[in-house]
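Asker: Dropping a structure here in C-alpha cells format, bear with me for questions.
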Amino acid sequence: MSQVLSFDIGASNGRLVRHFFDGTCITSEVVHRFDNKPVLKEGNFHWDFNYLMDEIFTSLRKAQTSPDDKAVSVGFDTWGVDFGAIDHSGNLLFEPYSYRDDHTIPYMIETLKNIDEYELFKRTGNGVSSINTLFQLKAIVEKEEFESAAHLLMMPTLLQYQLTGIPVNEFTISSTSQMLRAGEKEWNTDLLAQVLNKELPLTAIQLPHQIIGPVLNKIMQKENIKPIDVVLTPGHDTACALSALPMLIEKSFFMSIGTWTVIGTETYDPIVTEEAFETGFTNEGTSEGTYRFQNNSMGFWIMQVLRREWKQASHEIDYLIEDQLVRDSSFSEMYIDPNADMFFNPPSMIDAIEQFCTQTNQKKPESIQEIIRCVLESMALSYAHTVHQLEHQVGYSAQAIYAAGGGIQNKHLCQFISNATMKQVITGPVESSSLGNGLSQLRALGLISTLQEGREIISNSIEQEEFHPMNTEHWMKSIHYFEKNILKR
8 MSQVLSFDIG
18 ASNGRLVRHF
28 FDGTCITSEV
38 VHRFDNKPVL
48 KEGNFHWDFN
58 YLMDEIFTSL
68 RKAQTSPDDK
78 AVSVGFDTWG
88 VDFGAIDHSG
98 NLLFEPYSYR
108 DDHTIPYMIE
118 TLKNIDEYEL
128 FKRTGNGVSS
138 INTLFQLKAI
148 VEKEEFESAA
158 HLLMMPTLLQ
168 YQLTGIPVNE
178 FTISSTSQML
188 RAGEKEWNTD
198 LLAQVLNKEL
208 PLTAIQLPHQ
218 IIGPVLNKIM
228 QKENIKPIDV
238 VLTPGHDTAC
248 ALSALPMLIE
258 KSFFMSIGTW
268 TVIGTETYDP
278 IVTEEAFETG
288 FTNEGTSEGT
298 YRFQNNSMGF
308 WIMQVLRREW
318 KQASHEIDYL
328 IEDQLVRDSS
338 FSEMYIDPNA
348 DMFFNPPSMI
358 DAIEQFCTQT
368 NQKKPESIQE
378 IIRCVLESMA
388 LSYAHTVHQL
398 EHQVGYSAQA
408 IYAAGGGIQN
418 KHLCQFISNA
428 TMKQVITGPV
438 ESSSLGNGLS
448 QLRALGLIST
458 LQEGREIISN
468 SIEQEEFHPM
478 NTEHWMKSIH
488 YFEKNILKR
C-alpha cells in the first residue's frame with residue numbers, strides 16, 4: 008500500500024490529505040484542516056505567510072505521528088494568480104499580496120490605455136482581470152524592493168520552496184498569471200517589459216509529475232519532521248481537479264462546482280478568437296501541458312449569502328430543509344442572471360433578486376421556496392447557455408458533462424443542469440483537487456503512468472451518479488426564454 012500527502016490550499020481554507028493506493032484504487036483521509044484568509048496590513052491585503060507555514064509544519068507533524076504513516080512524498084496545489092519574491096539568501100521579501108485587494112484596478116486601467124484588451128488576450132490566452140498576476144506586479148513593483156529579488160514564485164511553488172530550497176515554477180499555476188506567451192510554456196518577456204518597464208527574475212517553468220527533492224535537513228531538524236520527498240504537482244487546484252475527473256467518454260465537457268463554477272473542455276492549443284474574448288472564455292494549463300478552455304460562472308455564492316440573510320431573519324435553512332423545499336416546489340416562474348454585477352456583493356441578496364425580477368418584467372418571488380427554486384434553475388440555465396457557447400466555439404457537441412466539487416452534493420442542481428443542457432451529467436468526485444494532486448505524485452513515483460490510467464483509478468475508487476434529461480419540452484422553452492429575456496435584456 009503506497010501513501011502520499013496532498014496539501015490542497017484554497018483562498019479560504021486548506022487541508023492536508025493522505026492518499027492510500029493499492030495498485031487499483033485510491034482512498035483518502037483528511038489529516039488536518041486550517042483556515043486561510045487575507046489580513047489587512049498597511050492598507051493592503053496580504054496572505055499571512057508565517058501562519059500558512061506554521062500550519063503546513065503542523066500538518067506534516069500530525070501526519071507523521073500517525074501509526075499508519077508510510078507516506079513517501081508530498082505535493083502542493085493552491086488558488087491561482089498570487090505569488091511571492093525570494094532574495095538570494097532564500098528570504099521572503101514581502102508577504103504575498105492577496106488577489107482580493109482592489110489596489111490593482113487602476114493599474115489594469117492604465118495598462119489597457121496602452122494595450123488593446125483583445126490584443127492582451129491574444130498574447131497571453133488569459134481573460135483580462137484586475138486580479139491577474141500581471142496587474143498585481145504593476146501595482147507593487149515600485150512599492151516593494153525588487154532589486155534584491157532572486158526568484159518570483161507562484162504560491163504553491165513558493166510554499167514548497169520553504170521545504171526544499173529549490174526554486175521552480177509550474178505550468179498550470181503560471182498559466183493563470185497573464186504573463187505567459189499564449190500556447191507556450193515560457194514567460195512573455197516582451198509583454199512584461201512593455202507593461203512593467205523593468206526586468207524581473209522570472210524563475211523557469213516546468214511541467215508537473217516530477218520529484219523536486221527532499222525536505223532540507225535544517226527544516227526537518229527545526230520543525231521536527233521526518234524525511235519526505237516534495238513532488239511538483241499541478242499547482243493550480245482547478246487543474247488538479249480536472250486531472251481527477253474520470254472523463255472516460257470522448258468529447259466531454261467538465262464542470263467544477265463550488266462558490267464559483269468553472270465550465271470548460273480540454274484543448275491542445277489555446278483558443279484566442281474574438282468570439283472567445285467577447286464571451287468571457289479564458290485558457291489555462293492542464294497537468295499534461297495542454298489547455299483548459301473555460302468560463303468562470305457564478306456558483307453557490309448567491310445561495311451562501313441568502314442562507315446568511317435568512318439566518319439573520321431567524322429562518323434557519325439548512326441543506327435538508329432546502330432539499331425538501333425544492334422537492335415540494337414546481338417549475339420556477341421567474342429567473343435571474345446569476346452573473347449580473349448586482350449579485351456580486353449586494354447589501355441584500357433578497358432585495359437584489361427582487362430588483363432584477365422587477366427590471367425584467369417578472370413577478371417577484373414571494374417565499375423562500377420560490378427564491379431557492381429561482382436561483383437553482385437560473386444557475387442551470389446560465390450553465391446551459393455557457394455550454395452552448397462552448398460547443399459553438401470548439402465545433403462539436405458535448406457527449407457528456409463530468410461535474411466535480413462540493414456543489415455536486417446538491418442533486419437538484421445536477422438534475423437541473425442535465426435538463427437545461429439536454430446532456431448526461433456524471434458527478435464525482437467531491438474532493439477532486441486533492442485527488443488530482445495525489446495522482447500526480449503517484450506518477451512522479453512511477454506507480455502509475457498516464458492521465459488516463461489515473462482517471463480509470465478514480466473511476467474504480469468512487470461512486471459516480473448519472474443524471475439524464477427530464478421534462479425536455481419545458482426546459483427547451485425555459486432556455487429560449489432565459490437567453491432572449493434574461494441575458495439579452
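The sequence shown begins at 8 in our numbering and counts up by one. Beta carbons are placed, not taken as given, at the ideal position from N, Cα and C, and that holds for glycine. Since the structure is predicted, the reported quantities are computational estimates derived from the model, not experimental observations.
Report all residues from its chain with a CB closer than 8 Å to the CB of leucine 100; omit the five preceding and five following residues, and keep chain order.
Answerer: Gly91, Ala92, Ile93, Asp94, Glu151, Glu152, Phe153, Ser155 and Ala156
Asker: Only counting the same chain, and skipping five residues up and downstream in sequence, which positions put a Cβ closer than 7 Å to that of proline 436?
Answerer: Ala251, Ala411, Leu442, Ile465 and Ile469
Asker: Relative to the alpha-carbon of glycine 242, which residue among Trp267, Ile256, Met161 and Arg315 has its alpha-carbon at the smallest distance?
Answerer: Met161
Asker: What is the DSSP secondary structure of tryptophan 54, reduced to helix, strand or coil?
Answerer: strand
Asker: Which full runs of the beta strand (DSSP E) of 3+ residues lie inside the segment 202-256, going along the chain?
Answerer: 217-221 and 236-239
Asker: What residue from Thr65, Phe41, Glu460 and Lys430 has the CA that sits closest to alanine 407's CA?
Answerer: Lys430
Asker: Would you tell me roughly how many angstroms separate the C-alpha atoms of glutamine 471 and isoleucine 424, rounded to the nearest one?
Answerer: 16 Å
Asker: Comparing alpha-carbon positions, which option in Glu177, Phe338, Ser259 and Thr393 lies nearest methionine 477?
Answerer: With distances taken between Cα atoms, methionine 477 lies closest to Phe338.
Asker: For proline 163, count neighbouring Cβ atoms within 10 angstroms of its own Cβ and tell me buried if that reaches 16, exposed if not.
Answerer: buried
Asker: Could you spell out the range, first to last residue, of the beta strand (DSSP E) harbouring methionine 429?
Answerer: No beta strand (DSSP E) contains methionine 429, which DSSP labels as neither H nor E.
Asker: By Cβ distance below 7 Å, which residues in the same chain neighbour leucine 127 in space, the five residues on each side in sequence not counted?
Answerer: Val135
Asker: What would DSSP say about serine 485, mapped onto helix, strand or coil?
Answerer: helix
Asker: The alpha helix (DSSP H) that contains alanine 451, what's its start and end?
Answerer: 439-451
Asker: Kindly give me the distance between the Cβ atoms of alanine 451 and glutamine 217, rounded to whole angstroms, as I take these residues to be in contact under 8 Å.
Answerer: 5 Å
Asker: CB-CB under 8 Å to proline 234, same chain, minus the five flanking residues each way: which ones, in chain order?
Answerer: Around proline 234: Pro221, Val222 and Met227.
Asker: Could you pull out every residue in the same chain whose Cβ sits closer than 6 Å to the Cβ of tyrosine 298, ignoring the five residues on either side in sequence?
Answerer: Thr274, Pro277 and Asn290
Asker: Tell me, please, which residues DSSP counts as bridged to asparagine 139.
Answerer: Beta-bridge pairing links asparagine 139 to no other residue.
Asker: Look up isoleucine 16 in the DSSP assignment and say whether it is helix, strand or coil.
Answerer: Strand.
Asker: Any idea if asparagine 368 is buried or exposed, counting beta-carbon neighbours within 10 angstroms, 16 or more meaning buried?
Answerer: exposed
Asker: Would the beta-carbon of leucine 144 be found less than 8 Å away from any heavy atom of the ligand SAM?
Answerer: Among the components of this structure there are no ligands whatsoever, and the ligand SAM is therefore not found.
Asker: For asparagine 224, count neighbouring Cβ atoms within 10 angstroms of its own Cβ and tell me buried if that reaches 16, exposed if not.
Answerer: exposed
Asker: Sorted by chain position, which residues of the same chain lie with C-beta nearer than 6 Å to serine 35's C-beta, five sequence neighbours on each side aside?
Answerer: Non-local beta-carbon contacts of serine 35 in its own chain, meaning distances under 6 Å to residues more than five positions away in sequence, involve Val24 and His26 in chain order.
Asker: Span of the beta strand (DSSP E) holding methionine 477?
Answerer: Where methionine 477 is concerned, there is no enclosing beta strand (DSSP E), given that its DSSP letter is neither H nor E.
Asker: What is the C-beta distance between threonine 131 and methionine 60, in whole angstroms, given that I count them as a contact (C-beta under 8 Å)?
Answerer: About 31 Å separates the two Cβ atoms, so there is no contact after all.
Asker: Provide the residue(s) that pair with glycine 292 in DSSP beta bridges, ordered along the chain.
Answerer: BP columns for glycine 292 point to Tyr298.
Asker: Roughly how many angstroms lie between the CA atoms of asparagine 426 and tryptophan 482, to the nearest whole one?
Answerer: 6 Å
Asker: Grouping DSSP H, G and I as helix and E and B as strand, with all else coil, what is phenylalanine 260?
Answerer: strand
Asker: Kindly indicate the opening and closing residues of the alpha helix (DSSP H) around aspartate 358.
Answerer: 356-366
Asker: So leucine 313 and methionine 356 are in contact, right, with Cβ under 8 Å, and what is the actual spacing, rounded?
Answerer: 5 Å
Asker: Is leucine 67 closer than 9 Å to glutamine 167 when the C-beta atoms are compared?
Answerer: no
Asker: Report buried or exposed for asparagine 20, applying the criterion of at least 16 other Cβ atoms within 10 angstroms of its Cβ.
Answerer: Per the 10 Å Cβ criterion, exposed.
Asker: Could you give the distance in angstroms between the alpha-carbon of phenylalanine 41 and the alpha-carbon of glutamate 480?
Answerer: 47 Å
Asker: Short of 8 Å in beta carbon distance, which residues of its chain neighbour lysine 370, apart from the five on each side in sequence? Order them along the chain.
Answerer: Glu340, Met341 and Cys364
Asker: Take leucine 141 and list the residues in its own chain whose beta-carbon comes closer than 6 Å to its own, dropping the five residues that flank it on each side.
Answerer: Once the five neighbours on either side are set aside, the close Cβ partners of leucine 141 are Gln185 and Met186.
Asker: Near alanine 497, which residues of its chain fall below 8 Å by C-beta distance, leaving aside the five closest residues on each side in sequence?
Answerer: The structure shown does not extend to residue 497, since the chain is modelled only from 8 through 496, so no value can be given for it.
Asker: Going by DSSP, which residues form a beta bridge with methionine 161?
Answerer: Paired residues: Phe90.
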